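Residue numbers (the working numbering): 17 to 170.
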């Protein structure tokens, strides 16, 4: 791959069949597969939110020679510690064959650019402690603030 053949762009509604296997791969990476995988309904609702102007949820895809090889999903939201909105980069995934080739970095840079255009000065995300490959990239493009994430399913 040459970086000139890589295109970072917003998805089109026709991209679902190229996006969905990456969405499934992302979920499988984090152990959400088989009976614990998000349902088709969840995938379709997420997909449709990317095209709804009233939703704060956004997506970018990485494309090489007409094939989607990466995705990122992010959302803009309010914060109690800032006047302006902030951006949460929720999902980032590239196909195995493209890892370490700059695709993830370009997707993150795409999120940065969109946030900046919207006047949003902060982008943050979380990853699993065992995601060593991802963390090698993240340490180059952002700072680890030391927070630990807690969650509870209700």
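Just so you know, even glycine gets a beta-carbon here, dropped at the ideal spot from N, CA and C. Note that this is a predicted model, so its numbers are computed, not measured.
- prompt: Terminal residues of the continuous alpha helix (DSSP H) containing residue 169?
  reply: For residue 169, there is no enclosing alpha helix (DSSP H), as DSSP gives it neither H nor E.
message: Pop quiz: residue 31 and residue 80 are said to be a contact at Cβ under 8 Å. What is the actual Cβ separation, rounded to whole angstroms?
response: Going by Cβ atoms, the distance from residue 31 to residue 80 rounds to 14 Å, so no, they are not a contact pair.
- request: Please list, in chain order, all residues of the same chain as residue 130 whose beta carbon is under 7 Å from its beta carbon, the five residues on each side excluded.
  value: Excluding sequence neighbours, residue 130 sits near 74.
- request: Reducing DSSP to helix, strand and coil, say where residue 139 ends up.
  value: In the structure shown, residue 139 sits in a strand (DSSP, three-state: E or B).
- prompt: When the distance is taken between beta carbons, is residue 96 closer than 8 Å to residue 138?
  reply: It is not a contact, given that the beta carbons lie outside the stated cut-off.
task: Consult DSSP for residue 70 and reduce its assignment to one of helix, strand or coil.
output: In the structure shown, residue 70 adopts coil according to DSSP, grouped into three states.
Residue 142 versus residue 106 - alpha carbon distance: Those two C-alpha atoms are separated by around 8 Å.
Beta-ladder partner(s) of residue 64, from DSSP: Paired residue(s): none; residue 64 is not in a bridge.
- request: Provide the residue span of the alpha helix (DSSP H) that contains residue 45, from first to last.
  value: Here the alpha helix (DSSP H) through residue 45 covers 32-45.
query: Considering only the beta carbon of each residue, do residue 108 and residue 88 sit closer than 8 Å?
result: In terms of Cβ geometry, residue 108 and residue 88 form a close pair [threshold 8 Å].
- request: Would you mind reading off the limits of the alpha helix (DSSP H) that contains residue 124?
  value: It spans 119-133 - the alpha helix (DSSP H) in which residue 124 sits, taken as one unbroken run.
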